[in-house]
Structures are given as C-alpha cells and as structure tokens.
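For the sequence shown, the numbering used here gives the first residue as 3, with consecutive numbering after it.
All remarks here apply to the structure that follows.
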Amino acid sequence: MRIHSFIALSVIAVGAASSVASLTAAQAAHPSIERGHALRDAVGLDVVNGALHGVGPTYKVAFAPGGFTYTTLLGSQAPERGTLSYELASIRVGSHELLGSAWSVEPSHDGLVAAYARTASIREEYIVQRDGLEQRFVFAALPEVDGDLVVRAHVHTSLVAEGRGSFPNGLRFEAPGYGSFVYGGVTGIDATGRTVAGDLRFDGEHLELSLPADFVASAALPLTLDPLLGGNQMVSDGSDSSDPDIAYDLTTDAYLVAWERQWSSMDFDVYAQRVASAGGLIGPMILLELGASTVSLSPTVANNNGANRFLVAWQQGPSVLGLHDIVCRAVNASDGAMSSLVTIASDPADEIDADAGGESRVGFSNVQVVWNQRWAGIRGAAVSVPSSGDPSVAANYAVPCSVPHSDGVDGKPSISKSGGGTGRYVIVWQHLFPWYFGGDHDIIGIVVDSNGMVAAATEFLLSTDTGPDEEDADVDGDGSDFVVVYERRPAPGLGEYDVHCFRVHIDGVGPSTVGPEVVVEAGVNDAEVDPAIVLVGGSSGITKYAVAWADHVSALDYDVYYRELDPADCLACGTTKTFGTGTTSYDGNVELASQRSGGGTGDRGMGAFEATNVAPGFVGSIQTQKFTMESAGGSVVNLGGGCAGGGFAAVSGAAAIGNKTFAITLSGASPAAAVAVLNLSFAATWMPCGSCNAPLPGITYTKIPVGGSASLTLPIPCDVSAIGVVANVDWIVGLVPSSPCPAFANIANSNVLRLTVGE
Numbered sequence: 003m004r005i006h007s008f009i010a011l012s013v014i015a016v017g018a019a020s021s022v023a024s025l026t027a028a029q030a031a032h033p034s035i036e037r038g039h040a041l042r043d044a045v046g047l048d049v050v051n052g053a054l055h056g057v058g059p060t061y062k063v064a065f066a067p068g069g070f071t072y073t074t075l076l077g078s079q080a081p082e083r084g085t086l087s088y089e090l091a092s093i094r095v096g097s098h099e100l101l102g103s104a105w106s107v108e109p110s111h112d113g114l115v116a117a118y119a120r121t122a123s124i125r126e127e128y129i130v131q132r133d134g135l136e137q138r139f140v141f142a143a144l145p146e147v148d149g150d151l152v153v154r155a156h157v158h159t160s161l162v163a164e165g166r167g168s169f170p171n172g173l174r175f176e177a178p179g180y181g182s183f184v185y186g187g188v189t190g191i192d193a194t195g196r197t198v199a200g201d202l203r204f205d206g207e208h209l210e211l212s213l214p215a216d217f218v219a220s221a222a223l224p225l226t227l228d229p230l231l232g233g234n235q236m237v238s239d240g241s242d243s244s245d246p247d248i249a250y251d252l253t254t255d256a257y258l259v260a261w262e263r264q265w266s267s268m269d270f271d272v273y274a275q276r277v278a279s280a281g282g283l284i285g286p287m288i289l290l291e292l293g294a295s296t297v298s299l300s301p302t303v304a305n306n307n308g309a310n311r312f313l314v315a316w317q318q319g320p321s322v323l324g325l326h327d328i329v330c331r332a333v334n335a336s337d338g339a340m341s342s343l344v345t346i347a348s349d350p351a352d353e354i355d356a357d358a359g360g361e362s363r364v365g366f367s368n369v370q371v372v373w374n375q376r377w378a379g380i381r382g383a384a385v386s387v388p389s390s391g392d393p394s395v396a397a398n399y400a401v402p403c404s405v406p407h408s409d410g411v412d413g414k415p416s417i418s419k420s421g422g423g424t425g426r427y428v429i430v431w432q433h434l435f436p437w438y439f440g441g442d443h444d445i446i447g448i449v450v451d452s453n454g455m456v457a458a459a460t461e462f463l464l465s466t467d468t469g470p471d472e473e474d475a476d477v478d479g480d481g482s483d484f485v486v487v488y489e490r491r492p493a494p495g496l497g498e499y500d501v502h503c504f505r506v507h508i509d510g511v512g513p514s515t516v517g518p519e520v521v522v523e524a525g526v527n528d529a530e531v532d533p534a535i536v537l538v539g540g541s542s543g544i545t546k547y548a549v550a551w552a553d554h555v556s557a558l559d560y561d562v563y564y565r566e567l568d569p570a571d572c573l574a575c576g577t578t579k580t581f582g583t584g585t586t587s588y589d590g591n592v593e594l595a596s597q598r599s600g601g602g603t604g605d606r607g608m609g610a611f612e613a614t615n616v617a618p619g620f621v622g623s624i625q626t627q628k629f630t631m632e633s634a635g636g637s638v639v640n641l642g643g644g645c646a647g648g649g650f651a652a653v654s655g656a657a658a659i660g661n662k663t664f665a666i667t668l669s670g671a672s673p674a675a676a677v678a679v680l681n682l683s684f685a686a687t688w689m690p691c692g693s694c695n696a697p698l699p700g701i702t703y704t705k706i707p708v709g710g711s712a713s714l715t716l717p718i719p720c721d722v723s724a725i726g727v728v729a730n731v732d733w734i735v736g737l738v739p740s741s742p743c744p745a746f747a748n749i750a751n752s753n754v755l756r757l758t759v760g761e
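Structural data, given as structure tokens:
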C-alpha cells in the first residue's frame, strides 16, 4: 500500500507510551518566517563616477574640493531637487585669516567620514549618519585670539530660508508644501570636553558658523566646531524607496538588495546593501549611481557564483521620460566594492524594465540581462562578470516572437534566477493585443542558454485565449523544470487579479510540456498582485518553490503573503503566511532569492519588498524578510518498546509534507534476521508480549535486512491536509535466535517511533 494511504487518514490519538525523548533536535518545529531589516536606515559613503558621495535615510551629499552639495528628501511630487550648495570662503579668528592659498583640496574618506585637510592645522570633516550629516571643523593650532572664530561659506539654494540674521538654534531651509531640513545650531567642544553654544548667521548668500572669543582663547586644543545638518521633514507624497531586487552569494552566505530612491520628481538614484543570511546588514550602503544629470530606475541584481560577485543593472536616462539605456556595475560579495559603470545597451530606442538571471555554476562567467526595447520587442545580453575588474557584454540577442510586434506590445520581461545545472534559462514576458477591447495580455516564454544563444523553436504561450488578462510574470527553475507565476483577471479592466502558475519542462532545448494552469491564490473580492517565485532546497531531498505576492486588505493597504508550492504540480505545499510588516501600509513589489539560486542547496531564502506608509507623507522603505523552507517541521519521538534482536528504528529526513525521500531505517537487529516488516499503525492500542511492546499491526511493508539493517523510503506528498497526522512506526524482525515474545517464535520488534507530520 502506498504512503498516500497513510497521510489521507485522520489523526488518531496514540495510546500510552514509555519514556518520551526527542529523536533529533533538527526535527523540532522551527519558524519559517523571520522579520528582517528596513534598508531605509542604511547609510553609505563612497566614490561614484570619480566623486565622493554620501547617503543617509533622508539626505544625500556630494563632495567637491571647495565644499559640498546637500540634497534633502522632498518626495515624488516635488517639482525640483531640494539642494543646498556650500562653498567654503574663509576661516578667521578675529583679525587673523587662517586659510592659505591652497586650501581647496580633494576630499578623502575613511569609513563613513569624509575629510578635507584645509591646512596643516585645520581639518574639515563630515560624518554620514542616520540622523543627518555632521559637519566638524577641527583646529589643532590657533593664532593669538583677538575675536570670534568664524567659518564663512557661500550658499546657493532654491530652498527658502526661514529668515535672515542670527539663528543660534539652527536655520530651516524649506521647499514649501514638500519638505525641509535644518542646518543645526553650532557647538564648540575643546579637548577636555568643555562645550559652548555658538551662533549661526545667514544674510541670504553667506552662512557663518561662529564660536565666542573668550571660549576659543581658553580652549584646550584640538578645538572642534560642530553643527549638524538634518532634522529632515517631508510633507508631500514620498514613495522615496521602491522597486527592490535581491540575489544570493554562496561563498559569503550573503544577499545583495538593490533599489531605487526618489528624491524629487526629477531625481532618482540606485543603491544597494549587502545583507547577511542571518539578517543583519553588512557594511555601508553601496552607492551605485547618483548622477545629478541622469535618472536611474528599476534596478535588477544577479549573482555569479564562480566570480563571487553580483551584477546590478538598471535603466538610466536624462529624465523619467527617457530615452533610457541599460547600464550595470559589478559588486564584490566580499566587501561591496564596485566596478566602473558599463553600458549594456544604448540603442537610440528606449530600453526599460531590465531583469537579470545569475550563474549558479562555477567556471562559467556570464550573467543574463533581459529588457524591453520599447516597440521593438524583448532584447537580452550575456554579460561576462570576471572575479575582478569591469563586466563586459559577451553577446547581445533579440528574443524572437512569432506574434508580430505590429500586432501588440511586448513588455515586462523576467528571466529565471539562474540556469541551474544545465545553464538554460527561461525568459517570459507579457504581450499586449491592443485591438481587443481594453487590451488583452498573454504570457509568452522562450529558452536561452548561458552563452546568449536563443533556441528559436522553444517559444511557448501560457495563454492564447481572448479575454482573460495575464500580466507581470515571474519565473524560476533548475535548468530543466520551471514554474511561471503571473497575475490573471477575467477580462481587461474587469474583475480582481488572482495569482496563477504554469509548469514548463525543457526536454533538450525546447519545452516538452507546458501547463496545466493552476490557481495559486484567488481570494474573493480582493486582488492578489506582484507575484514572485524562487526555487528552494535540495540538500535534504526536499525541493519546493517559494512564491510571494501582495494581497489587498483594504483601501491602500496591501500585505505580502508567502506559500510553498510542489514542483510536481504547482499545488500548495505548506500553509500561507504573512510575509510583510503587518502594519497598515502598501507592502508590495516583492522579490525573492534563495541559497539554491546562488548555487547552494540549503533551505533558506530572503525576500525584499517595498513598504509604503499610507499616512500623509507616504514614505517608502525597503524591507527584507528571511524565510526557511518548511522542511524541518513535524516531529519524530522515540517511544521505546523494543526487545532483543529487534534492532533500532530511526528516520532519515524530516517528517514534513513535500519530503519525497523520507525514510524509516533499521539498524542493530540480529544479523541472522531474514525478514524485516515495517509496521505503520494508527491504532491507539498496544500489544505487549513478553519483553516486547508494540502497536497493533497496521499498514505493512516487507524488506530483506542485510546484516541486521534495512531501510524503506516513504515519500510524503505536498498535501496540507496531512499536517498533524500522527502514526506509530516499528520494525517487526523475523527469524532472530531467541523468542522475546513467547506467542511468536523467533520474532522481535524494534523500538517504536511516533511520527507527526509537519510542514
């Protein structure tokens, strides 16, 4: 009888047992979802495109020899950037000018501190921190003090200052209706820790930071003049951090999350952050692109396992309206160092919506990047990522489609997270038929190898019917078997979106099987959108797909949900869990990565998604979320009860749904034993006999032991109704030398295991 009979039965209470001890700690239940970090709190300082830049949660700063340009976060509705340019003009003590003729110097940086050595005795420092940019002037020596210490600078800004004159508590600069920041009050600190309040004066063009002469004259050197730029307040529609992507590196056991941040309606940058598999942030924020004359959007990230590097690609152009190119940088997984900026595609057309697939095999250098060349179809490139130096384009390719582009519009391509063991990727995209009322989308797919060779005969359609509208597809697989998830609604513009999936098997170079379509989630009177999928596991014989989506709760409130799917049929292989902040916010645009996608076989993964507060201000942050494949759930408990010659029963693997290699083992039985019968019993009654004690016979499986050992594999299918099913298992061993059970000659039994199926 098949194990399916076992899991289909109802849970039956097991009778009294002897001493109970856990068989193995690894089979104890464990949480599958663990909260992660808000990457909004990350800060960074690095050289980008030849200039030193710093970034905090609500500001960014660019350093030049003469001074800096500070940009405050205003939000997506602000018509212009909220910038203030600061250029040092003079430093004096009373009648003494302290700056020489060569004070304009390039800044240096160490960690999160940018510094200018203005003179041999004057050091100007800027500390990039979460609460704001701390500005410090450190004086190692001073001339005779005959007046106040004054640092004077030229200031240029389109922001409105709150006034002219003296502002000892700080001066606010504001974009009315959008946001503001405060140039903080001045504090003097000497070497002994003595402090004094200074003054800040503004005349509309010049900013003066000063300390009183009496304090300066008596100060123990070095003396520090220390204001803070910060106190940012955004009052407009923010949505500042959005559109994340994530990938995993096996060697460092770490993820890279990339995202875009919007400072105003015309200012978008791209950032990244390394995140440990355990959840903590690694190193500072990585400043991928902060060009003042370019707009950088929609980053995607993939890993090259052999190079131990990530590739981050994004669309970049002079404005949000385009025209855009696809550009990239390589990022070291070990230290976050990044390569020069490299252009992947710069056709005169508009290239948008890039997606990247990594290389999980060692010894192969290419990462795949695909994008939409607007009105011309889907394009791609195999990008070589060396272990050091800059990436380069190894091959460009056009993705063929038998549906003429003139009949519709191709868009939103997605590629599998890696090519698995075969180096084959599936690319999927949505095709719009505008002639159908409201516009009808279908999902189309094709296969490409790691060298960028497109198998033209592999095109497949996940939907060809007119009416139902399929959009926003995502895909992953192992190089031979893939699963595609997507949104689907009954008709364009009508009904709520649900999440559906298709299985695709690649036989040789082309798909041999496609489908059938399976419903992943179809809530009533609510929408399920933004699906993402990744393949997880493999080391314990359990492999599943993790899928996540945004589910409409109310009004603007969406939560992210997570579930595991059976690779064999796309059906649920675990319960649905909340995979988000749990607050009233828009949680969406989720992306997933796993140890498997980076070349490993572990059961862990991580998601990245945007969480936008629905309260006025609408500030968006990027969140991460750890998850563990539900393969170590359930329990196996040793109830004792064996007798001489019966050996020891144990298990191999977790008693969890989806474990197709779960096995019951026998060891230490009498070497003379000729037969071993596995007894799978749901009976609550036990049968004592002599020194033996065993459950009543149930479903039995016969094995021939070798040297007192045997093993039987009992696959546990992905069926959530099996969760909580309890059974007792023991081995009945025949033809042993003694008869510990007088009623049955030369028969003994092993200890009894109580199995509780988990997820």
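Note that beta-carbon positions come from the ideal geometry of N, C-alpha and C, so glycine has one too.
In whole angstroms, what is the alpha-carbon distance linking residue i and residue j?
i	j	result
I508	V486	13 Å
V259	A332	13 Å
G2	R203	Only positions 3 to 761 of the chain appear in this structure, which leaves residue 2 out of reach.
G604	H208	59 Å
A27	V428	Per-residue confidence for A27 stands at a pLDDT of 31, beneath the threshold of 50, marking its modelled position as unreliable; the derived number appears in the next sentence. Whole-angstrom Cα-Cα distance: 39 Å.
A712	V411	60 Å
L230	I380	48 Å
S623	V303	18 Å
G282	G338	15 Å
P690	S723	32 Å
A280	T578	22 Å
G113	E210	28 Å
C572	A651	34 Å
R120	E126	7 Å
G710	C575	36 Å
S78	A396	37 Å
N305	V162	45 Å
A745	C694	11 Å
T667	R565	31 Å
A384	M455	9 Å
E519	D442	18 Å
P214	T197	11 Å
What does DSSP give as the partner residues of residue i in its beta bridges?
i	result
E275	Here residue 275 turns out to be Gln, not Glu, going by the sequence shown. For Q275, which the question treats as bridged, DSSP gives the partners V259.
E361	N306
L575	The displayed chain sequence assigns Cys, not Leu, to residue 575. Partner(s): none; C575 has no beta bridge.
I124	F141
A552	V531, V562
D269	S266
M380	Looking at the sequence itself, residue 380 is Ile, so the reference to Met does not match. Its beta-bridge partners are N374.
W733	L680
W762	Nothing about residue 762 can be read from this structure; the chain reaches only from 3 to 761.
In chain order, what residues of the same chain lie with their CB nearer than 6 Å to the CB of residue i, ignoring the 5 residues before and after it?
i	result
F664	G655, L716, I718
F169	L202
V531	E489, Y499, A552
V344	C330, D392, P393
T515	H507
V63	G56, F70, Y72, L135
L252	N307, G600, G601, G602
G692	P742, C743, P744
Residues in its own chain within less than 7 Å of residue i by CB, not counting five upstream and five downstream?
i	result
W373	I328, A347, E353, I354, D355, A356, R381, P415
R2	As shown, the chain starts at 3 and ends at 761. That puts residue 2 outside it, with no answer to give.
S92	E99, L101, R154
G165	none
S238	The predicted model places S238 with a pLDDT of 47, which falls under 50 and marks its position as unreliable, so this point remains unresolved.
Note down, in chain order, each residue of its chain lying with its Cβ closer than 8 Å to the Cβ of residue i, except the 5 sequence neighbours on either side.
i	result
P33	Interpretation of P33 is limited by its pLDDT of 41, a score under 50 that renders its predicted location unreliable; the figure taken from the coordinates is listed afterwards. The residues are T630.
Say yes only if the C-beta of residue i is nearer than 7 Å to one or more non-hydrogen atoms of the ligand COA, and no if none qualify.
i	result
T603	Among the ligands in the structure shown, none appear at all, so the ligand COA cannot be discussed.
Assess, as a yes-or-no matter, whether the region 547–561 is touched by the region 483–502 under the definition of 3 or more beta carbon pairs within less than 8 Å.
yes
Note to self: For a minimum of 3 consecutive residues, which ranges assigned as the beta strand (DSSP E) are wholly contained in the region 440–527?
What the structure shows: 442–451, 456–463, 471–479, 483–491, 500–509, 512–516, 520–523
### Whole runs of the beta strand (DSSP E) within the region 49–85, excluding any shorter than 3 residues
53–57, 61–66, 69–74
inquiry  = Threshold first: 4 residues or longer. Then list the alpha helix (DSSP H) segments lying entirely within the region 188–223, N to C.
reply    = 215–220
Can we say the region 183–191 touches the region 264–274, given the rule of at least three CB pairs closer than 8 Å?
-> no
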